[in-house]
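Trainee: I'd like to ask some things about the structure below.
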Amino acid sequence: MIRLYAGISLLFLFFIVRYLRARPVKELVFVSMEELCHIKEQEPVQILDVRDPVDYEQKHLKDAINIYIGRLPFVSLKELEEGRKLFIVASSPYAIHRAAKILKKAGYSQLYGFVWRQQMKEGLGDRSQECCAC
165 MIRLYAGISL LFLFFIVRYL RARPVKELVF VSMEELCHIK EQEPVQILDV
215 RDPVDYEQKH LKDAINIYIG RLPFVSLKEL EEGRKLFIVA SSPYAIHRAA
265 KILKKAGYSQ LYGFVWRQQM KEGLGDRSQE CCAC
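Residues in the sequence shown are numbered consecutively from 165, following my numbering.
Listed below in structure tokens is the structure:
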């Protein structure tokens, strides 16, 4: 009987930990290419690209800083200003949420997400040339 309670307790603990890790970041807002370009034209913003360096080198947004998401918790974020809007570029919403949690813990509050792969599939790759791609 004790093993049953221990098993149920561990299972319960597992689900609580999964829930806490999966919680969305309230401050995070996903944007399209048009919204990103519009905001970038209106005010100075920061762009953090958390994709793999190889993907970043193939094509990236102009003025983007590349810090791979796996390194993000371990590097100094001195290049980023806490008071400015910060756009997180990644190839999946999951990676953006993961980066947003790390950045929120570091004190950043104006967080925006931009899914690179999704935008390119929608045919906005040429549009990115006009406003922000390098």
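Positions of the beta carbon are idealized from the N, C-alpha and C atoms, including for glycine.
Alpha carbon to alpha carbon, how far is Y258 from V193?
Mentor: For Y258 and V193, the distance between alpha carbons rounds to 13 angstroms.
Trainee: Spatial neighbours of I231 within its chain, please: CB distance less than 7 angstroms, with the 5 preceding and 5 following residues excluded, ordered by chain position.
Mentor: Around I231: L212, V214, V239.
Trainee: Compare the Cα-Cα distances from L250 to each of I260, Q222, Q274 and report the closest residue.
Mentor: It is Q274 whose Cα lies nearest to the Cα of L250.
Trainee: So what does V279 bridge to, in DSSP terms?
Mentor: A254.
Trainee: In whole angstroms, give me the CA-to-CA distance for F191 and I166.
Mentor: For clarity, residue 191 is Glu in the given sequence; the question names Phe instead. Between E191 and I166, the C-alpha separation is close to 43 angstroms.
Trainee: Does R291 come out as helix, strand or coil in the three-state DSSP assignment?
Mentor: Because R291 sits at a pLDDT of 46, beneath the cut-off of 50, its placement in the model cannot be relied upon, and the following sentence gives the value as read from the coordinates. Of the three classes helix, strand and coil, the one that applies to R291 here is helix, per DSSP.
Trainee: Count the other CB atoms within 10 Å of the CB of F278; is the residue buried (16 or more) or exposed (fewer)?
Mentor: Looking at its Cβ environment, which holds 16 or more other Cβ atoms inside 10 Å, F278 is buried.
Trainee: Return the Cβ separation of Q210 and E245 in integer angstroms, given the expectation that the two are a contact with Cβ distance under 8 angstroms.
Mentor: With a Cβ gap of about 7 angstroms, Q210 and E245 count as contacting.
Trainee: Assuming A270 contacts V253 (C-beta within less than 8 angstroms), just tell me the rounded distance between them.
Mentor: That belief does not hold up - the Cβ atoms of A270 and V253 are roughly 17 angstroms apart, past 8 angstroms.
Trainee: Can you tell me where the alpha helix (DSSP H) holding Q210 begins and where it ends?
Mentor: Counting along the chain, Q210 falls outside any alpha helix (DSSP H), though it belongs to the beta strand (DSSP E) covering 210-213.
Trainee: Kindly give me the distance between the Cβ atoms of S255 and R281, rounded to whole angstroms, as I take these residues to be in contact under 8 angstroms.
Mentor: Confirmed, about 4 angstroms.
Trainee: Are V195 and H261 close, meaning C-beta to C-beta below 8 angstroms?
Mentor: No. Outside cutoff.
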